[in-house]
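These notes are about the structure you will find just below.
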Amino acid sequence: MDSYRVTTFGAPLTLQAEPTPVPKGREVLIRTTGCGVCHSDVHLHEGSFDLGGGRKVDMGRSIGLPRTLGHEIVGEIVAAGENVAAGEATAGTRRVVFPWIGCGECALCTSGDEHLCNQPWALGVNRDGGYASHVLVPDPKYLFPFDGLDEALACTYACSGLTAYGALKKAREAVRAGGDLVIIGAGGVGLSGVRMAEAVTGIKPIVADIDRSKWTAARDAGAKDVVDPSDPEAAKALYRMTAGGAAAVIDFVGAAASFTFGFNALRKSGRLIVVGLFGGSASLPVPMLPLKNATVMGSYVGNLDDMRELMALAQSGKVPGLPIATRKLSDANEVLSSLAAGKIVGRVVLTP
Ligand SMILES: [Zn+2]
Ligand SMILES: [Zn+2]
1 MDSYRVTTFG APLTLQAEPT PVPKGREVLI RTTGCGVCHS DVHLHEGSFD LGGGRKVDMG
61 RSIGLPRTLG HEIVGEIVAA GENVAAGEAT AGTRRVVFPW IGCGECALCT SGDEHLCNQP
121 WALGVNRDGG YASHVLVPDP KYLFPFDGLD EALACTYACS GLTAYGALKK AREAVRAGGD
181 LVIIGAGGVG LSGVRMAEAV TGIKPIVADI DRSKWTAARD AGAKDVVDPS DPEAAKALYR
241 MTAGGAAAVI DFVGAAASFT FGFNALRKSG RLIVVGLFGG SASLPVPMLP LKNATVMGSY
301 VGNLDDMREL MALAQSGKVP GLPIATRKLS DANEVLSSLA AGKIVGRVVL TP
């Protein structure tokens, strides 16, 4: 098998050839037919996340080099281990892979939240992922059919789609008794969130984005209104539009300014859900938490149940597609650089 691997953080990926693995036990071997390039691949490639104030999270130890990136994987089942029953993984069928795999034994894993495990086995992060001709998946339960969906689109549900869906589920609880949903950031994952918002929460979102070139896309994706959070009048306008603040705000940017804007946009009992990993640190007047009865929470991808629900929702035709471009796997380095430079609109899926 051929893999494009991180061998030194920040340096170009290296093409490495090695024997194709033979699946054992419950493992399933997939021949990769597509792998989405996620913005977090840029951070994984650099080996760190910016926390603001010059502080960074070093991910070097948890990733372990060399590592094959790529966690939005779609492919064809080639072979399965001796403990996989006949109907569980049929050779020749195509599946999307759920990559957010945990240890399977800790309290978080046994409660179903494998994606939050402290000893993660996430494909393309802690284990080798999809920037390769083949991927070894530890169990067929991580494989999802995508009948009726475009293959390149289907693989993006494993991260960008799941991230948007997981956050929208949290927002749904906050808007259950009425009120508005504000989505900050209409870039990649944010735009997925806008597209999916009505199907998941039952309401059309108000979108906040400082980049006016994204407003048309936001409206086309289902935004009922758009505001510019850098406009000093935006907070007041939003307050009027929502009759006193939003019941839920999802911050798909995750920067100091978006966090502050999002918190200020909440009504009483509102919920701010932070998803983006842009980086930075923000201060919050602590008494505003009790005075607003507010909740500030994070949302990280989603679990296997979320993936199952999302794939069902997508297959029912309720999730509009995303602009997807395909590139050759051998262009992985170029695609990562363009993504880091903010030059990619929509999603790029690499094909071997
Ligand atoms: Zn991702
Ligand atoms: Zn675990």
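For the sequence shown, the numbering used here assigns the number 1 to the initial residue and increments by one for each residue that follows.
Glycine included, every Cβ here is placed at the ideal spot set by N, Cα and C.
Taking a contact to mean a Cβ-Cβ separation below 7 Å, would you say D41 touches S133 in this structure? no
Near S62, what residues of its chain come up, given a Cβ to Cβ distance below 7 Å and the 5 sequence neighbours on each side ignored? N126
E76: which of Y165, T93, E82 sits nearest, CA to CA? T93
From S281, I344, Q315, residue whose alpha carbon lies closest to that of G54: S281
DSSP three-state assignment for H134, whether helix, strand or coil: strand
Can you tell me the Cα-Cα spacing of V286 and M297, whole angstroms? 15 Å
Could you compute how far the alpha carbon of S337 sits from the alpha carbon of I344? 10 Å
Which of the three DSSP states, helix, strand or coil, is assigned to Y4? strand
For F98, which residues of its own chain have a beta-carbon under 7 Å away from its beta-carbon, when the five flanking residues on both sides are left out? Y142, F144, A158, L304, M307
Do R267 and G244 have their C-beta atoms within less than 7 Å of each other? yes
With a cut-off of 8 Å on the beta carbons, I'd call V249 and V182 a contact; round off their distance for me. 4 Å
Return helix, strand or coil for I63, following the three-state DSSP convention. helix
Taking C-beta to C-beta, are G161 and T32 nearer than 7 Å? no
Whose C-alpha, out of A80, R327, D211, is nearest the C-alpha of E27? A80
Helix, strand or coil at C103 according to DSSP, with G and I counted as helix: coil
Tell me the rounded alpha-carbon separation between K169 and V96. 21 Å
Do the CB positions of G34 and C155 come within less than 7 Å of each other? yes
Can you say whether K24 is buried or exposed, counting buried as having 16 or more other CB atoms within 10 angstroms of its CB? exposed
Tell me the DSSP bridge mates of G279? A255
Using C-beta distances below 7 Å, list every residue in its chain close to L284, excluding the 5 sequence neighbours before and after it, in chain order. F263
Considering only heavy atoms of ligand 1 and the C-beta of each residue, which residues fall inside 5 Å, strictly closer? C38, S40, C159
For the putative contact between I184 and F261, defined by C-beta atoms under 8 Å, what is the C-beta separation to the nearest angstrom? 7 Å
With distance defined between alpha-carbon atoms, name the residue in L15, I73, F9 nearest to G36. I73
Quick one: residues in its chain with C-beta nearer than 7 Å to the C-beta of L313, no 5 flanking neighbours on either side, listed in chain order? A199, V319
CB of V349 within 7 Å of CB of A177, strictly: no
If you measure from the CB of G302, is any heavy atom of ligand 2 nearer than 6 Å? no
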